[in-house]
Amino acid sequence: MAVVYQKSKGLTDKETHYCPGCTHGIIHKLVAEVLEELGVLGDTIGVAPVGCSVLAYDYFNCDMHEASHGRAPAVATGIKRVLPDKVVFTYQGDGDLASIGTAEIVHVAHRGEKITTIFVNNAIYGMTGGQMAPTTLIGQRATTAPLGRTVEHSGMPLRVSEMLATIDGAAFVERVAVDTPANIRKAKKAIKEAFQCQLDGKGFSIVEVLSTCPTNWGMTPIDALKWLNDNLIPYYPMGNFRRPGEVK
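Numbering-wise (this note's numbering), the sequence shown opens with residue 1147 and increments by one.
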């Protein structure tokens, strides 16, 4: 019998700890499939963050390194410079990357480090209990903003992709979502292009993935997918912001 679909060799058999309806699992699958399809799984080193995906080293079937909170880009820089023939990526959430790790991600892009970052944006701190993140939307409630985020108190939500796309060392910047089958296919295409950018030695590449957090949003998984479409995508529009040799 012909095999129609099978689990990627880029994933281990370890059962994940993610909440029901969390789309981290989908994103893990896409990254794993891309590494396998590019034939680089055995030459890849990933760097896990602090946050919901802190245990990513248990799920990806490649060499992994754990970094301190926000420092994954710095750790990845060291790995890539010592082992330039390896494919190096970071997998980070919005609290890890867009808050405590903002300086690291800006300067790794500024230096044009030849690594790839998978940036998961669910607009809230997930692992630590639903606190407001730099990406939390105006009016969105969080445990540290029970009445909703306001411009006066916290400023506007940070658009990371648009910011990084202004930096010359950033070769590839794209924002995608994983709320529908069509968007999942587009997300995989972007992730593959980001890793290919690294393989071609073009510079820093990042894919921002709009994701859900049903638990901390206080929604069912289905309602969370709709909320992402109705609220996150309008503020964080999907699309490519930069490819090698061009600025948008």
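Where is the CB? At the ideal position from N, CA and C, for every residue including glycine.
This structure is a prediction, so every number in the text was calculated from the model and none was measured.
Whole-angstrom distance between residue j and residue i, CA atom to CA atom
| i | j | result |
| --- | --- | --- |
| residue 1118 | residue 1163 | Outside the modelled stretch of the chain, which goes from 1147 to 1394, sits residue 1118, for which no answer is possible. |
| residue 1317 | residue 1255 | 8 Å |
| residue 1300 | residue 1369 | 26 Å |
| residue 1250 | residue 1148 | 46 Å |
| residue 1238 | residue 1202 | 10 Å |
| residue 1378 | residue 1356 | 7 Å |
| residue 1221 | residue 1191 | 11 Å |
| residue 1291 | residue 1150 | 47 Å |
| residue 1271 | residue 1323 | 18 Å |
| residue 1288 | residue 1268 | 12 Å |
| residue 1344 | residue 1167 | 31 Å |
First and last residue of the uninterrupted beta strand (DSSP E) at residue i
| i | result |
| --- | --- |
| residue 1356 | 1350-1356 |
| residue 1190 | 1190-1194 |
Rounded distance between the beta-carbons of residue j and residue i, thought under 8 Å
| i | j | result |
| --- | --- | --- |
| residue 1350 | residue 1261 | 6 Å |
| residue 1295 | residue 1278 | 6 Å |
| residue 1354 | residue 1265 | 5 Å |
| residue 1276 | residue 1207 | Actually they are not in contact, since the Cβ atoms of residue 1276 and residue 1207 sit about 31 Å apart, beyond 8 Å. |
N- and C-terminal bounds of the alpha helix (DSSP H) containing residue i
| i | result |
| --- | --- |
| residue 1342 | 1327-1345 |
| residue 1227 | 1218-1228 |
Residue i in three-state terms, based on DSSP
| i | result |
| --- | --- |
| residue 1212 | strand |
| residue 1294 | coil |
| residue 1381 | helix |
| residue 1304 | coil |
Buried versus exposed, by CB contacts within 10 Å (16 or more), residue i
| i | result |
| --- | --- |
| residue 1219 | buried |
| residue 1154 | buried |
Residue-level contact to chain D via CB, residue i, 7 Å cutoff
| i | result |
| --- | --- |
| residue 1266 | In the displayed structure, chain D is absent; only one protein chain is listed. |
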